[in-house]
Amino acid sequence: MPSKKGPKLRINEFITTNSVRVIDEKGNNLGVIDTKEAIKQASEAGLDLVEVSPQVDPPVCKILDFGKFKYEAQKKASTAKKKQKEVTIKEIKMRPGIDVHDYDFKIRAAHKFIGLGDKVKFTIRFKGREFEHHEIAESLMSRIREKMETVSKIEQEPKLEGRQFTMIFSGN
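The sequence shown: position 156 = 421 (the working numbering), numbered continuously.
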């Protein structure tokens, strides 16, 4: 089964082309050289010939310590992964006839979530005949919008999906 870690780099004898463009360990371009000669130069320096750009003609190869190269690449990928921030969407569910205290409590929770860098999705669900009076939900959505605009921006305008209204906010 093929690996999902990315492209496999060819080194030394596994480079199949006749000639390669070589860059030495100091970063100097040595030009296009026969592959066997380039491998010989790398082994004399106690290093490996690594194909870094196989898609060009002729392929670009560097003379370097392959073990150290793999370690640095792994370290770079690890630090890039640490710096990524995963954005989550917190959903706050309400009903059209929500009480004032419950409404205020949920708005405070939404402000906290936005402060932590999350997105907030407000959902107003209808049961039974409540759906006939969706103007109540629309006025509730406009109240939510007024309270949330001070700390966030609207990412998705209120929209009706089946028997519920949804609206999404994200941080400024």
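Virtual Cβ for every residue (Gly too), placed ideally from N, Cα, C.
Are there 16 or more other CB atoms within 10 angstroms of the CB of residue i, so buried, or fewer, so exposed?
| i | result |
| --- | --- |
| V317 | exposed |
| K350 | exposed |
| F279 | exposed |
| S417 | buried |
| F378 | buried |
| L381 | exposed |
| K335 | exposed |
| F370 | exposed |
I'd like the list of long-range same chain contacts for residue i, defined as Cβ closer than 6 Å, with 5 residues on each side in sequence excluded.
| i | result |
| --- | --- |
| I354 | K384 and K386 |
| D299 | S284 |
| K273 | none |
Using three-state DSSP, classify residue i as helix, strand or coil.
| i | result |
| --- | --- |
| N294 | strand |
| I409 | helix |
| D313 | strand |
| V285 | strand |
| G427 | coil |
| V385 | strand |
| G362 | coil |
| R390 | strand |
| I401 | helix |
| K418 | strand |
| K327 | strand |
| D299 | strand |
Tell me, to the nearest whole angstrom, how far the beta carbon of residue i is from that of residue j; I am working on the premise that it is less than 8 Å.
| i | j | result |
| --- | --- | --- |
| V321 | I276 | Contact flag wrong, Cβ pair sits at about 17 Å. |
| L438 | M359 | Residue 438 lies beyond the stretch modelled for the chain, which goes from 266 to 437, so this question has no answer here. |
Going along the chain, which residues of its own chain have a beta-carbon closer than 8 Å to the beta-carbon of residue i, five neighbours each way excluded?
| i | result |
| --- | --- |
| I372 | I409, K412 and M413 |
| F396 | R428 |
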